[in-house]
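Asker: Before I ask anything, let me first share the structure, which is written out below as structure tokens.
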Amino acid sequence: MQFYLTAISLGLALSALGWGIFLTLKIFNIPDITTDGSFTLGAAITAVQLTNGTPWYLVLFCSMLGGGLAGMLTGVIHTRLKVNALLSGILVMTALYSVNLMVMGRSNIPLLQVNHLFIAFQPTGASYIDQAIILLAIMSIVGLCLIFMLKTDFGLAMRATGNSESMVNAMGVNTNRMKIIGLALANSLTAFSGSIVAQLQQFTDINMGIGIVIFGLGSVMIGETLMDVFKRQGIAWRIIGVVIGCLIFRLVIAFTLASGADPNLLKLITAGVVLLFVSIPRFKGKIAFR
Amino acid sequence: MIEILKLNKTFHLGSERQVIAVQNLDISFENGSFNLLIGSNGSGKSTLLNLIAGTILPDSGTISINGKPIQSIPSYKRSTSIARIFQDPTAGTAPDLSLLDNFRLASLRTQKKGLRIGVDAAFRKVVAAHVSILDMGLENRLNQPMGSFSGGQRQALTLLMATFDKLDVLLLDEPTAALDPKSAVRILELTQRIVAEKKIIAIMVTHELRQCIQVGTRIIQLSEGQIIRDVAGNTKTQLRLEELANWFA
Numbered sequence: 014m015q016f017y018l019t020a021i022s023l024g025l026a027l028s029a030l031g032w033g034i035f036l037t038l039k040i041f042n043i044p045d046i047t048t049d050g051s052f053t054l055g056a057a058i059t060a061v062q063l064t065n066g067t068p069w070y071l072v073l074f075c076s077m078l079g080g081g082l083a084g085m086l087t088g089v090i091h092t093r094l095k096v097n098a099l100l101s102g103i104l105v106m107t108a109l110y111s112v113n114l115m116v117m118g119r120s121n122i123p124l125l126q127v128n129h130l131f132i133a134f135q136p137t138g139a140s141y142i143d144q145a146i147i148l149l150a151i152m153s154i155v156g157l158c159l160i161f162m163l164k165t166d167f168g169l170a171m172r173a174t175g176n177s178e179s180m181v182n183a184m185g186v187n188t189n190r191m192k193i194i195g196l197a198l199a200n201s202l203t204a205f206s207g208s209i210v211a212q213l214q215q216f217t218d219i220n221m222g223i224g225i226v227i228f229g230l231g232s233v234m235i236g237e238t239l240m241d242v243f244k245r246q247g248i249a250w251r252i253i254g255v256v257i258g259c260l261i262f263r264l265v266i267a268f269t270l271a272s273g274a275d276p277n278l279l280k281l282i283t284a285g286v287v288l289l290f291v292s293i294p295r296f297k298g299k300i301a302f303r
Numbered sequence: 605m606i607e608i609l610k611l612n613k614t615f616h617l618g619s620e621r622q623v624i625a626v627q628n629l630d631i632s633f634e635n636g637s638f639n640l641l642i643g644s645n646g647s648g649k650s651t652l653l654n655l656i657a658g659t660i661l662p663d664s665g666t667i668s669i670n671g672k673p674i675q676s677i678p679s680y681k682r683s684t685s686i687a688r689i690f691q692d693p694t695a696g697t698a699p700d701l702s703l704l705d706n707f708r709l710a711s712l713r714t715q716k717k718g719l720r721i722g723v724d725a726a727f728r729k730v731v732a733a734h735v736s737i738l739d740m741g742l743e744n745r746l747n748q749p750m751g752s753f754s755g756g757q758r759q760a761l762t763l764l765m766a767t768f769d770k771l772d773v774l775l776l777d778e779p780t781a782a783l784d785p786k787s788a789v790r791i792l793e794l795t796q797r798i799v800a801e802k803k804i805i806a807i808m809v810t811h812e813l814r815q816c817i818q819v820g821t822r823i824i825q826l827s828e829g830q831i832i833r834d835v836a837g838n839t840k841t842q843l844r845l846e847e848l849a850n851w852f853a
């Protein structure tokens, strides 16, 4: 029970990152890998502020702000300086490694003696159950806000931007501004995830974001594939799909580790799972449409 | 009314590939007119259309709509008075969004896209009524993604979307080039109807001389960025296809 719940909690904590990737990759059609840096940035800001006694809600807010600024920077480099989106993300991500080190002051900060989110709320007293409940509540709120936003007129313009830029431009939308807002929003969600994960695991490490973008990509792919299979095309379902993707991915990793697989193989397994889900639509397409 | 004065645009200025696309062009377009721009490839038709839309900016000269100069404002801001139809029927709509969502964006072309949910039952009714004039049965398929419709259907919907919000100018860049003859006729008739009903200016680039005979109130022929023929009124109405073909001899 504890085994499953721990994996589920981590999956829930990472679903905000999944939404961030979903926004850039699926809504804006921009491959953004600022993620690795902004995830750690959120965790770094969290570690420093919690250690200084800042209340957890302010910490979450500041983490999102930090991630938002990082995303905005990627957006400005991409749209104003006309640098390829992937490269813009790599540049900011690389720079963030140093920024994160500067913020943290050292490469690892434990958060055992601080008053974080999961200390503030302990409804049942059993920590792994409490964590799952708190995360479910928080992510439901964030997810509902995201669904609402994407259903508004502003959200429609956002979704159209990645879909048909010429059309949305002709509809009076400043697509460059829209992309900057989108990247900022996506990376603030990623940093939010970083902050939650740091509080959940009670430490921040400078390397905790390395390769995390692959987890996000994989979760989005799993979610989209599943929603496709079950014919759920609405935006709300797709947002829920990302959460399901994160949960499945975390559970697969947990099972793999529990089955006694060499932890050194973890990244290899991660890449394998992503490859599997990315290729499913191809196989399916061959069977269903031809 | 659109007034264009001394408009110039040169691409790749100073390099070997230098192309004078539009040269010292003076022209005006009246409200309620359906203008056809013809000319060989590279004559500057599409450039002129893009200059009016604002997707490219002129080197010099002025473009004004109803007395207001617009030549230096970005294209997305010009959309308050200008709508565009592209040659590619897929360019004017967002394929993954539903028909309804596409029309929601179209209804806000001149307005702010705020944080409120605008697609409601009342809006659905308005769109259904609007789409039903196409007589394609699309009013029952409002939730379907735009990408699932045929090219002809999408181009017709694009045209309706363009005129869903208020506008002064409709720019059409070979709107029927990718369509079958039946859909092409439907698009042209619809355009003609909209121009007459809404008293807007339509400017259409076309390579199909037959269309120039069928529709429109004025034909302008461009060559090397300048106007070489400009025919309207009775002369346009009486123009025969053979005569028009001779223009290109």
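Chains A and B are the protein sequences, given in the same order.
With the numbering used here, the residue at position 245 of the first sequence is 258, and numbering never jumps.
With the numbering used here, the residue at position 240 of the second sequence is 844, and numbering never jumps.
Glycine included, C-beta positions come from ideal geometry on N, C-alpha and C.
These figures come from a predicted structure and were not determined experimentally.
1. Curious, which full-length beta strand (DSSP E) runs of at least 3 residues does the region 88-165 of chain A contain?
2. Assuming H734/B contacts L764/B (C-beta within less than 8 angstroms), just tell me the rounded distance between them.
3. Who are the Cβ neighbours of K858/B in its own chain at under 6 angstroms, not counting the five residues just before and after it?
4. If the cut is a Cβ gap below 7 angstroms, which residues of chain B does D241/A touch?
5. Spatial neighbours of N97/A within its chain, please: CB distance less than 8 angstroms, with the 5 preceding and 5 following residues excluded, ordered by chain position.
6. Between the region 699-714 of chain B and chain A, which residues of the former have a C-beta closer than 7 angstroms to a C-beta of the latter?
7. Straight-line CA distance for R303/A to V233/A?
8. Name the two residues that bound the continuous beta strand (DSSP E) containing M808/B.
9. Three or more beta-carbon pairs under 8 angstroms between the region 694-701 of chain B and the region 160-174 of chain A, yes or no?
10. Quick check on this structure: which residue in Q62/A, A284/A, I252/A has the alpha carbon closest to the alpha carbon of C158/A?
11. Is there at least one Cβ from chain B nearer than 7 angstroms to K95/A's Cβ?
12. Do you know how far the Cα of R822/B is from the Cα of F638/B?
13. Beta-carbon of G820/B versus every beta-carbon of chain A: anything under 7 angstroms?
14. Looking at the unbroken alpha helix (DSSP H) that takes in E812/B, where does it start and where does it end?
15. Is there at least one Cβ from chain B nearer than 7 angstroms to F167/A's Cβ?
16. Would you check if the distance between the CB atom of S679/B and the CB atom of G658/B is smaller than 7 angstroms?
17. What does T697/B touch in chain A if you count any residue whose Cβ is under 8 angstroms from its own?
18. Among residues of its own chain, excluding the 5 on either side of Q135/A, which ones have a beta-carbon nearer than 8 angstroms to its beta-carbon?
19. Any idea if D49/A is buried or exposed, counting beta-carbon neighbours within 10 angstroms, 16 or more meaning buried?
20. So T684/B contacts chain A; which residues on that side make the cut at Cβ distance below 8 angstroms?
21. Is it true that the CB of T767/B sits closer than 7 angstroms to the CB of L640/B?
22. Are G236/A and G254/A closer than 7 angstroms when you measure CB to CB?
23. Along chain A, which residues have their Cβ under 9 angstroms away from the Cβ of L719/B?
24. Have a look at the DSSP bridge pairing and note the partners of V626/B.
25. At what residues does the beta strand (DSSP E) containing T217/A begin and finish?
26. Near T137/A, what residues of its chain come up, given a Cβ to Cβ distance below 7 angstroms and the 5 sequence neighbours on each side ignored?
27. With C-beta atoms as the reference, is K164/A less than 7 angstroms away from I721/B?
28. Thinking C-alpha only, which one of N182/A, D241/A, A29/A, I194/A is nearest I293/A?
29. Under 8 angstroms, with one C-beta from each stretch per pair, do the region 113-130 of chain A and the region 60-78 of chain A reach the 3-pair mark?
30. Using the C-alpha atoms, what's the distance from V155/A back to I146/A?
31. Show which residues of chain B have a CB atom less than 9 angstroms away from the CB atom of R172/A.
32. Checking the sheet assignment: what are the DSSP bridge partners for V773/B?
33. Nearest to T107/A by alpha carbon, out of G224/A, G195/A, L288/A?
34. Which chain A residues sit within Cβ distance under 8 angstroms of F867/B?
35. Using only alpha-carbon positions, find the residue among T780/B, M750/B, E634/B that is nearest to N176/A.
36. Is it the case that the Cβ atoms of V210/A and A26/A are separated by a distance below 7 angstroms?
Answerer: Reading it off the structure:
1. 121-123
2. 6 angstroms
3. A question about residue 858/B goes unanswered here, because the residues of chain B that appear run from 605 up to 853.
4. Under the 7 angstroms cutoff, chain B gives no residues; its nearest Cβ is about 13 angstroms from D241/A.
5. H91
6. P699, D700, L701, D705, R708, L709, A710, L712, R713, T714
7. Below a pLDDT of 50, predicted positions are generally treated as unreliable, and R303/A, at 38, falls in that range; no measurement from the model is reported.
8. 805-809
9. Contact holds: three or more Cβ-Cβ distances are below 8 angstroms.
10. Looking only at Q62/A, A284/A, I252/A, the smallest Cα-Cα distance to C158/A is reached by I252/A.
11. no
12. The alpha-carbon atoms of F638/B and R822/B are separated by roughly 6 angstroms.
13. no
14. Note, E812/B: premise wrong, no alpha helix (DSSP H); not H, not E.
15. For F167/A, the answer is yes, since a Cβ of chain B falls inside 7 angstroms of its Cβ.
16. yes
17. S177, M180
18. For Q135/A, where only same-chain residues beyond five positions count, the Cβ hits under 8 angstroms are D143.
19. buried
20. Result: G185.
21. no
22. yes
23. F161, M162, T165, D166, F167, G168
24. K613/B
25. 216-218
26. D143
27. yes
28. D241/A
29. Judged by Cβ distances under 8 angstroms, the region 113-130 of chain A makes contact with the region 60-78 of chain A, as three or more pairs qualify.
30. 14 angstroms
31. A698, D700, L701, D705
32. I686/B, I805/B
33. Ranking the options by Cα distance to T107/A, first place goes to G224/A.
34. Residue 867/B lies beyond the residue range present for chain B, which begins at 605 and ends at 853; the question has no answer from this structure.
35. M750/B
36. yes
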